[in-house]
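Engineer: Numbering (the working numbering), first residue to last: 20 to 238. Heads up, the beta-carbon is just placed ideally off N, CA and C, and yes, glycines get one too. In this text the structure is predicted, and so the values were computed from the model without any measurement. My structure is below; once you've seen it, I'll send some questions.
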């Protein structure tokens with residue numbers, strides 16, 4: 020579902036217009052997430068990190084309307100009720116990657132099963148889009164597991180920055196007894212300001228510090 024924004028009551032209406040039409044730009048923020056407790060929880064519960072982490076990011080997006088922004092056919096801004104993750108799988112045979120997507124489900128166990136099923140069915144397909152039917156309300160998330168980075172930016176030459184989040188995370192490393200994960204967020208300034216991004220990253224860290232996930236539904 021897509022809900023249009025009432026421009027007469029929207030505090031950011033001038034900001035959206037300015038950064039969408041006059042000075043279209045985006046920005047990238049890279050932080051080091053503490054995933055010590057989250058990775059331990061995944062190991063203890065026999066969970067793969069990739070789908071578990073993607074679920075956390077998707078769940079966190081639900082709490083932040085600025086990261087679910089889009090426009091209708093006439094270019095009017097609004098919010099999607101949910102964004103589905105569009106993620107990448109790597110092909111060892113030719114060192115290319117492909118896009119897959121899995122419908123977000125607030126039931127983690129259901130999402131986890133569907134994610135594994137999608138990877139099993141489509142993960143071997145080469146080419147950019149390995150799974151057909153990608154919905155319009157999606158966001159991008161990918162991993163560079165070979166690289167521990169301190170900065171990352173995604174740019175589209177000659178194109179307007181995306182209103183949906185484009186997320187890249189890297190290799191987890193040990194730092195002062197903690198496991199740290201580089202996490203880069205790219206977003207159009209029309210969608211989110213620094214305050215929105217700081218709130219998003221803060222709540223994501225809090226979620227990673229506290230969430231308990233299981234492969235099976237909790238009774």
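Can residue 186 be considered in contact with the ligand SAH, in the sense that its beta carbon sits closer than 7 angstroms to one or more heavy atoms?
Structural biologist: Among the components modelled here there is no ligand, and therefore nothing to report on the ligand SAH.
Engineer: Using the beta-carbon count (16 or more within 10 Å), is residue 25 buried or exposed?
Structural biologist: So residue 25 counts as exposed.
Engineer: When you compare each of 70, 83, 42 and 111 to residue 183 by their alpha carbons, which one comes out closest?
Structural biologist: Among 70, 83, 42 and 111, the Cα nearest to that of residue 183 is on 83.
Engineer: To the nearest angstrom, how far is it from the Cα of residue 36 to the Cα of residue 174?
Structural biologist: The straight-line gap from Cα to Cα measures roughly 21 angstroms.
Engineer: Check for me: the beta strand (DSSP E) holding residue 203 runs from which residue to which?
Structural biologist: First-last of the beta strand (DSSP E) with residue 203: 197 to 207.
Engineer: For residue 209, which option in 52, 27, 45 and 103 has the closest C-alpha, if you only look at C-alpha atoms?
Structural biologist: The shortest C-alpha separation from residue 209 is found at 45.
Engineer: Hey, out of 52, 39, 101 and 202, whose CA is closest to residue 14's CA?
Structural biologist: Beyond the ends of the chain as shown, which are 20 and 238, falls residue 14; an answer cannot be given.
Engineer: Express the C-alpha separation of residue 227 and residue 54 in angstroms, rounding to a whole number.
Structural biologist: Looking at the two C-alpha atoms, the distance is approximately 7 angstroms.
Engineer: Return yes when the Cβ of residue 43 is within less than 8 angstroms of the Cβ of residue 135, no when it is not.
Structural biologist: Going by C-beta atoms, residue 135 is not nearer than 8 angstroms to residue 43.
Engineer: Tell me the DSSP secondary structure of residue 102 in three-state form.
Structural biologist: The answer is coil: DSSP assigns residue 102 none of H, G, I, E or B.
Engineer: Cα separation between residue 31 and residue 158?
Structural biologist: Each residue's alpha carbon lies about 22 angstroms from the other.
Engineer: Just how far apart, CA to CA, sit residue 49 and residue 204?
Structural biologist: Approximately 6 angstroms, taken between the alpha carbons.
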